[in-house]
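What follows is one structure encoded as structure tokens, with my remarks underneath.
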Amino acid sequence: AACVTTNGSVLNVLSPENCDIEILDNGRTINDFIDNKIKELGSEDSEQPFYVANVDDMVKKHLRWITTLPRVKPFYALKCNSSPAVLRTMIALGTGFDCASKGEIQLALSLGVSPDKIIYAHTTKARSYIKYARTHGVNMMTFDNEDELVKISLCHPTARLVLRIAVDDTDSLRRLSLKFGATLGTVDKLLGRARELDLDVIGVSFHVGSGCTESSAFKQAIADARHVFDIASLLGFQMSLLDIGGGFSGRDDVGVKFEEVSEVINGALDEYFPSDSELEIIAEPGRYYVESSFTLAANVIAKRVVLDDTEHSDILEISPDKMIMYYLNDGLYGSLSSITLAPSLYKFVPYLPTADEGSEQKYRSIIWGPTCDSIDKLTDDYWLPELHVGDWLLIDNTGAYTVSIGTDFNGFERTHIYPVVTAETWHALNLSHA
Ligand code: PLP
Numbered sequence: 005a006a007c008v009t010t011n012g013s014v015l016n017v018l019s020p021e022n023c024d025i026e027i028l029d030n031g032r033t034i035n036d037f038i039d040n041k042i043k044e045l046g047s048e049d050s051e052q053p054f055y056v057a058n059v060d061d062m063v064k065k066h067l068r069w070i071t072t073l074p075r076v077k078p079f080y081a082l083k084c085n086s087s088p089a090v091l092r093t094m095i096a097l098g099t100g101f102d103c104a105s106k107g108e109i110q111l112a113l114s115l116g117v118s119p120d121k122i123i124y125a126h127t128t129k130a131r132s133y134i135k136y137a138r139t140h141g142v143n144m145m146t147f148d149n150e151d152e153l154v155k156i157s158l159c160h161p162t163a164r165l166v167l168r169i170a171v172d173d174t175d176s177l178r179r180l181s182l183k184f185g186a187t188l189g190t191v192d193k194l195l196g197r198a199r200e201l202d203l204d205v206i207g208v209s210f211h212v213g214s215g216c217t218e219s220s221a222f223k224q225a226i227a228d229a230r231h232v233f234d235i236a237s238l239l240g241f242q243m244s245l246l247d248i249g250g251g252f253s254g255r256d257d258v259g260v261k262f263e264e265v266s267e268v269i270n271g272a273l274d275e276y277f278p279s280d281s282e283l284e285i286i287a288e289p290g291r292y293y294v295e296s297s298f299t300l301a302a303n304v305i306a307k308r309v310v311l312d313d314t315e316h317s318d319i320l321e322i323s324p325d326k327m328i329m330y331y332l333n334d335g336l337y338g339s340l341s342s343i344t345l346a347p348s349l350y351k352f353v354p355y356l357p358t359a360d361e362g363s364e365q366k367y368r369s370i371i372w373g374p375t376c377d378s379i380d381k382l383t384d385d386y387w388l389p390e391l392h393v394g395d396w397l398l399i400d401n402t403g404a405y406t407v408s409i410g411t412d413f414n415g416f417e418r419t420h421i422y423p424v425v426t427a428e429t430w431h432a433l434n435l436s437h438a
């Protein structure tokens with residue numbers, strides 16, 4: 005990790021005292037950590053679900069970003085996962101932050117993020133939030149409509165505004181331009197209104213949607229942004245910021261591979277925004293940085309073999325065509341709502357920590373979350389060897405839009421997060437800072 009440029013003292017920002025990070029020394033691996041944690045919980049008679057947050061993975065993602073998209077500065081989208089270890093890792097790596105609310109701005113500032121490293125990237129903001137941003141020196145914010153411009157002119161007249169445009173996101177699994185973004189036909193009028201209100205518009209932003217499956221969406225969006233820069237220039241604005249949003253896949257087996265999207269982005273940037281020292285290019289990646297870095301360990305707290313009425317309930321053997329229902333202690337109301345709401349974005353692949361795949365009989369299984377609601381279901385029709393109450397299941401790639409969305413509905417506790425880092429990465433981070 006020699007070329008990571010870290011920010012501030014890594015020892016301070018990410019220290020074990022500050023965020024409970026565990027340094028994996030003596031060659032211990034994440035799997036060792038998980039095995040030990042499961043044993044430890046067992047000895048305490050606890051079956052609490054937990055996440056392991058792999059800081060090495062986030063650092064690797066950052067290295068991949070800075071080598072693959074060298075012209076684009078990442079402003080991590082805090083909404084995706086704002087747990088302390090994630091935020092502190094991003095601070096240590098020197099990223100900026102995309103905040104969507106007063107609460108998110110507050111959180112970033114409380115960790116020492118400088119206000120000029122924050123973009124308030126929400127186009128429809130409460131007036132009190134805009135005033136809060138102003139009071140705390142957060143000046144960069146997005147807009148996409150005239151009413152918002154009027155609000156901003158009253159609440160933060162010296163804001164540095166970024167016009168968010170709607171782009172073609174038909175090939176994204178979660179489309180955002182249905183809700184946000186000015187259409188190209190309205191840009192002229194909007195910029196004219198900004199002029200009248202004496203507001204400073206410094207750039208353009210877009211978001212191709214979460215889970216973008218077509219890298220050409222970025223090319224078209226960058227071309228559209230160029231068009232807006234040209235209109236702005238005719239109206240007397242000197243734009244200096246291009247924000248290419250989020251939408252980058254967090255894993256290599258879902259959506260378009262990061263390197264493939266980046267190649268298209270780099271080509272489009274060179275074509276429409278040839279190297280220009282005056283222009284700052286940023287992005288708002290969320291999922292990219294954290295999705296693959298979290299693994300959830302959840303416990304099978306209950307099990308029900310589905311019998312039909314003709315059978316005796318005292319059967320000892322489960323026949324191969326039986327269906328078994330399992331109840332995990334994390335689910336839709338816990339941290340896993342995204343898995344149910346957008347199954348194509350999140351492949352739900354639970355596995356046993358010590359699986360002896362292949363040799364065992366598998367049964368059709370339904371996996372439920374723990375609450376009393378029947379929509380709290382994680383999967384239908386999943387094939388698993390027979391599990392027992394007290395078994396653990398692991399689910400990888402659970403870092404994006406999971407813990408940040410969770411609730412404690414029904415009184416089930418929120419899933420605890422254990423951040424870990426290998427001694428090697430820990431030293432590399434600290435050395436690169438020294
Ligand atoms: N920026 C904005 C304005 C968003 O709304 C979102 C997600 O909803 C993101 C960035 C992060 O997107 P992703 O996690 O797909 O990178």
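For the sequence shown, full-length UniProt numbering begins at 5 and goes up steadily by one.
All C-beta atoms, glycine included, are put in the ideal place defined by N, C-alpha and C.
Asked                                                                                             : Found
Rounded separation between G196 and C23 - CA only                                                 : 47 Å
Bridge partner(s) assigned by DSSP for L167                                                       : F147 and V208
Bounding residues of the beta strand (DSSP E) (the contiguous stretch that carries V260)          : Where V260 is concerned, there is no enclosing beta strand (DSSP E), given that its DSSP letter is neither H nor E.
Unbroken beta strand (DSSP E) run spanning V56, endpoints                                         : F54 to N58
Terminal residues of the beta strand (DSSP E) in which S253 lies                                  : S253 -> no beta strand (DSSP E), and no H or E assigned at all.
Near the ligand PLP: G250 beta-carbon under 6 Å from a heavy atom                                 : yes
Bounding residues of the alpha helix (DSSP H) (the contiguous stretch that carries C103)          : From DSSP, C103 is part of no alpha helix (DSSP H) but of the beta strand (DSSP E) over G100 to C103.
Close Cβ partners of D380 (< 8 Å) along its chain, the five nearest in sequence each way excluded : G335, L336, Y337, W372, G373 and P374
The ligand PLP heavy atom lying under 6 Å from the CB of residue 440                              : An answer regarding residue 440 cannot be provided, because it is not within the stretch 5 to 438 covered by the chain.
Helix, strand or coil at C7 [DSSP, three-state]                                                   : Caution is warranted here: a pLDDT of 46 is assigned to C7, below 50, making its placement in the model unreliable, and the coordinate value is therefore given only provisionally. Here C7 sits in coil by DSSP.
Distance between I248 and D274 (C-alpha atoms, nearest Å)                                         : 14 Å
Between the CA atoms of Q242 and L283 - distance to the nearest angstrom                          : 10 Å
Beta-bridge partners of V310, as assigned by DSSP                                                 : M327
C-beta atoms of S297 and N58 nearer than 7 Å                                                      : yes
C-beta atoms of G185 and D148 nearer than 7 Å                                                     : yes
Residue environment, K65, which counts as buried when at least 16 other CB atoms sit within 10 Å  : buried
Residue environment, H420, which counts as buried when at least 16 other CB atoms sit within 10 Å : exposed
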